[in-house]
Each structure stands twice: as structure tokens, then as C-alpha cells.
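Everything below concerns the one structure shown next.
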Amino acid sequence: MKTPAALYLEQGKPMVIDDIDLPDPGPTHVVVRQFATGVCHSQLHELDRPNANVPLVLGHESTGVVAAVGSAVTHVREGDNVMVTWVPRGASPTIPAPTPAIVTYKGATVNFGAPVATGTFTWAETVVVDEQMVVPLDPGVPTDVTSVIGCAVMTGCGAAINAAMVRPNTSCAIIGAGGVGLSIIQACANVGAYPVIAVDLTAEKLEFARQFGATHGVLASETDAVAEVAAMTNGGVEFAFDAIGIGKTIEQALLMTRPGRGGARVGGTGVLGGVPHGEAPQIAPFNLFRGNVYRGAPGGCSVPDRDFPMLVRWFQEGKLPLDLMVTQRYRLEQINEACEALRNGQIAGRAIVEF
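Residues 741 to 1095 in this note's numbering are what the sequence shown lists, from first letter to last.
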């Protein structure tokens, strides 16, 4: 079966829209006709990667309807609405590794973005993915804005509730108010954290973040963000989240946390939610010795089967305004335009591609 897809064929050149060849579904595969897919910063990292493994198709969060299933698939069936993600849906160590579909373009095997092992791709009208990457979506739930649950929302909300385990009245700072950062902010607000401090380079994004539960803002382009957060919180927050992933913000997320005190008080926790890229951080060992903790939160440490129903419920209850988060909509033919807008900081929340 052929389907249009956004293909990266040559380093430094725009993606092209052309047909790829999809295989018949194997025993654990699900064929999904797409409704919408998100446009994520991590895809920009893939496009910028030296010596990209082309032909390459990207995307790892979407919604769609099941068109066919393999013989071993039992949790969804033809006609079901679903969410597609890049994190296996179950947490059991006995679950077998996903089996990526073998997709081709003019006879050449098509490669997928990281993590390659899951075989998820969503920048195509129809996709074939392993059943572990597919989570049911109840009938009647909007299928456009929920497409970002599979990465941005899962990563951000999960960083707060799974990785950090934020509790009521704990202080939090969030660096970067894009899709992931806004999701962190909203989750912190939902569990009763205070203050919830958004840190960004533009006043517009700080104001936007207030609609997701930010109680305070720090304009990092005009002030020392670390010093400002320390002044607002009597020395530092209990949890600081980096939703960007560059060296400077990785450092800031640790330095914004409160220090420990003579072994009698544990320091704050820095959480890395953004994909690390660019120059490495220069973290002085003493900043770890003082009792602070730094941890990563890949995919928000989420378990989709467990977490996605809660995130959908938050959306339905008005506690996760995905309709506000999705600020730009494109067609597949506009994928290069969408990526350029994201690269230039022109997407306030999250952009999606609709099919």
C-alpha cells in the first residue's frame, strides 16, 4: 500500500512529499489512518543531525483510526480511534520489544527518527506501527488537539507527576514555555504546586503560560533567571524543569533548585525533560555535592496505558487546555513551513499537521 509522507532525502534540503510503500501488517502491527500529528523540536534535531540516515521519515505523536490489525493484536480493532506514541504502552519487563514495520521508498528501506527501535513515524497519511505504540482513544474525544498527547503532553506532564512526583505546595520553576513546558506547568498546577514559575525569553510566552497555571514569570532575556528564581523562593525551588535541553538551561535547572543544608536538608531536584542537544553543560561538581539531585525524564517516565487516560480526562475536565496549546495548524504539504516556524520561535504552544 502506498501513502503520502514527508521524506527527508538529502542533508540540508527541504523534505519532499512523496509516496512510500507500506507493508501488510505483521502479527503485532496496527495500520492507522491519521487524523493529526504534532511537530516536535526533537524532529528539528533529527533534521540537523550530521550525516542523517536517509531516506528518513519523522514524527512520533498522532491520532488516527485503525484501518487494520495483525493477528496478535487484541487491545484495538478496525474502526477504533487511537493515539500513536513513541513510548511502549506497557511497563512490564516481559513485554517483547516492538517490531518496526519495513517501509520502503523506491526500493530503499525508509529509516525512522529516534528512538529507531520503536519504529514510530507519523508524518504520513497512513502508518504501520507495532501495537505497543498504539493507545485507544474513546469515541467522541476530539481527535485533533489530542494528537500531541503522545509526546509533548506525555513528556511534560509525566516529568512533573512521574519523574519529580510534585506534591501540593512545592515550589517549581519551568524553563521553556513551549508544548512540553506548558504541559509541565499545567501538571504542576493540577497537583497544587505553588509557586509555579515560568521562565522564558519572551513576555508573550510568559503571559501565555499563565493560562496553563503559571503563577509567576521570569523574563530570562532581561534578567539573571537563576538569581530571580532564588529571590522569589528564598534560595531556590524544590523542583526545576528544563524543557529546552541546551547546555545553559540544563545548568540553570540545577542552579535554580534550593541547596541542601549541612546534611540536614535534602536539596532541590533538577529535571531534564527537553532532549539534550548542542553544547554540553558545564556543571560544577560542588553543585551536586551540596545535596541537589539531577535526573532525566525521557518521555516523562510515562506508561501510556496508565497515563494517557488520565491526560485525556484532564483535557475533558478543562484541566489541560489542549485547544489553547495547539496554536498553529498545517497540512502535510506545509511540513517544511511548520518546521521553519518552530525553529524561528513562531509557535507559541504546539503546531499540528492535519490530514
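Cβ coordinates follow ideal geometry from the N, Cα and C atoms, glycine included.
All figures in this text were calculated on a predicted structure; none of them were measured in a lab.
Near residue i, which residues of its chain fall below 6 Å by C-beta distance, leaving aside the five closest residues on each side in sequence?
i	result
Leu787	none
Trp826	His800, Thr858 and Thr860
Ala1088	Phe948 and Thr1067
Gly1010	Ala980, Ala993, Leu994, Thr997 and Tyr1034
Looking at the ligand PLP, does it come within less than 7 Å of residue i, judged from the CB to the closest heavy atom?
i	result
Phe948	No copy of the ligand PLP occurs in the structure displayed, which carries no ligand at all.
Helix or strand or just coil, what does DSSP make of residue i?
i	result
Ser1042	coil
Cys780	coil
Asp788	helix
Asn909	coil
Phe775	strand
Arg829	coil
Ala996	Note on identity: in this sequence residue 996 is Met, with Ala being the wrong assignment. Looking at Met996 - three-state DSSP - the assignment turns out to be coil, as it is neither helix nor strand.
Ile889	helix
Ala807	strand
Ala938	strand
Asn793	coil
Thr963	coil
Arg817	coil
Gly1010	strand
Gly896	helix
Taking the alpha-carbon of residue i as reference, which of the options has the nearest alpha-carbon?
i	options	result
Val893	Asp820, Thr1009 and Gly1014	Gly1014
Ala971	Gly880, Asp982, Val958 and Phe979	Val958
Ile937	Pro836, Gly919, Ala913 and Pro767	Ala913
Phe1095	Thr768, Ser887, Val868 and Gly819	Ser887
Ser811	Val805, His769, Ala831 and Asp878	His769
Leu1082	His781, Leu922 and Ala983	His781
Pro1016	Leu1060, Thr803, Asn1084 and Ile986	Ile986
Looking at the secondary structure, which residues open and close the beta strand (DSSP E) in which residue i lies?
i	result
Ser923	Not the beta strand (DSSP E): Ser923 falls in the alpha helix (DSSP H), residues Gly919 to Asn930.
Gly957	His956 to Leu959
Glu1094	Arg1090 to Glu1094
Asp759	Val756 to Asp761
Val822	Asn821 to Val824
Val1066	Val1066 to Tyr1070
Ala980	Phe979 to Asp982
Thr866	Thr866 to Asp870
Gly1036	Val1033 to Gly1036
Taking 8 Å as the limit between beta carbons, can you name the residues of its chain near residue i, skipping five residues before and five after?
i	result
Gly932	Arg907, Pro908 and Asn909
Cys1041	Gly898, Ala899, Asn902 and Ala903
Ile842	Pro763 and Thr849
Cα separation between residue i and residue j?
i	j	result
Gly752	Val977	41 Å
Ile924	Ala965	18 Å
Pro790	Trp863	21 Å
Gly953	Leu762	42 Å
Asp884	Leu784	22 Å
Ala848	Pro795	8 Å
Asn1076	Arg1069	13 Å
Thr839	Arg829	14 Å
Gln872	Gly975	44 Å
Asp940	His956	11 Å
Tyr934	Pro1061	20 Å
Lys742	Leu1072	16 Å
Ala837	Ala1091	30 Å
Val869	Asp1063	27 Å
Using C-beta distances below 7 Å, list every residue in its chain close to residue i, excluding the 5 sequence neighbours before and after it, in chain order.
i	result
Asp1047	Met894 and Gly898
Ala808	Pro765, Val771 and Glu818
How far does the alpha helix (DSSP H) with residue i in it extend, from its first residue to its last?
i	result
Lys742	Element bounds for Lys742: not the alpha helix (DSSP H) but the beta strand (DSSP E), Lys742 to Tyr748.
Phe948	Ala943 to Ala949
Leu1082	Ile1075 to Arg1083
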